[in-house]
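K.L.:
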Amino acid sequence: MQSATLLLARTTETVFSRQRRFASDQDGELPGDGVAQARALASHLFLRGDVDVIACSGLRQAAATATIVAEVLGLPVVTLKDLREPSYGGWEGLTFTEVQAAWSDEMFRWAADPHTAPPAAKAWPPRKHGYRPPIGVLERFPHRTIVAVTHVTPDQNDHPVGAGDRIRRPAPHAP
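For the sequence shown, my numbering gives the first residue as 138, with consecutive numbering after it.
(1) Please state whether DSSP places Val214 in a helix, a strand or coil.
(2) Using 8 Å as the threshold, is the C-beta distance between Gly211 and Pro255 below it?
(3) Looking at the structure shown, is Thr232 part of a helix, part of a strand, or coil, going by DSSP?
(4) Quick check on the burial criterion: 16 or more other C-beta atoms within 10 angstroms. Buried or exposed for Gln185?
(5) Start and end of the alpha helix (DSSP H) containing Val188?
(6) Note down the Cα distance separating Asp242 from Ala249, rounded to an integer number of angstroms.
(7) Please look up how many angstroms separate the CB atoms of Ala179 and Arg281, rounded, as I've assumed it's under 8 Å.
(8) Put Ala285 into one of helix, strand or coil per three-state DSSP.
(9) With distances taken from CA atoms, which of Val190, Gln237, Gly230, Ser224 is nearest Leu143?
(10) Between which two residues does the alpha helix (DSSP H) harbouring Arg277 extend?
(11) Checking 8 Å against the spacing of the C-beta atoms, do Ser194 and Thr253 come in under that value?
(12) On the criterion of 16 or more Cβ atoms from any shown chain inside 10 Å, does Gln198 qualify as buried, or is it exposed?
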């Protein structure tokens, strides 16, 4: 018997994501096309007709995306700090090219080992080998369909997490 479904929706495009920069603590506004992406996601989720809960990390870009979706669906937004992107430490704000040039070995280890954190960052939660929702989000909202507006790391995983629970991406953000 299915207990919950978690739909992972990445925050909309930002200036940093366009520039391929590491950004966990950078908290910016949504650009105009980001608003359009959030509206497209909201329309898709409205047509699904089965969303019960909207959750986000609390960072502005996630909260803004979640708020647009929530307004269309007529639901409140639940803030879950554990949905935040883990810290990129010394890589924060740098481009992938800059990090590869300065920390080639560290970047290789980080990409290869799901437990490795970037330099000067806190330890990362396991990734790539199965995503576990933070703070028991599936248990917190049993028998519900939850949209979690997340960041890059949680959204890279869409693996089943347990008996009856499902994690999926709802749809691309492109309008």
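Where a beta carbon is used, it is the ideal one built from N, C-alpha and C, also for glycine.
P.N.:
According to the structure data:
(1) strand
(2) no
(3) strand
(4) In the sequence as presented, Gln is not what sits at residue 185; that position holds Arg. The residue is exposed, with fewer than 16 neighbouring Cβ atoms inside 10 Å.
(5) From DSSP, Val188 is part of no alpha helix (DSSP H); its letter is neither H nor E.
(6) 11 Å
(7) With a Cβ gap of about 18 Å, Ala179 and Arg281 do not count as contacting.
(8) strand
(9) Val190
(10) 274-277
(11) no
(12) buried
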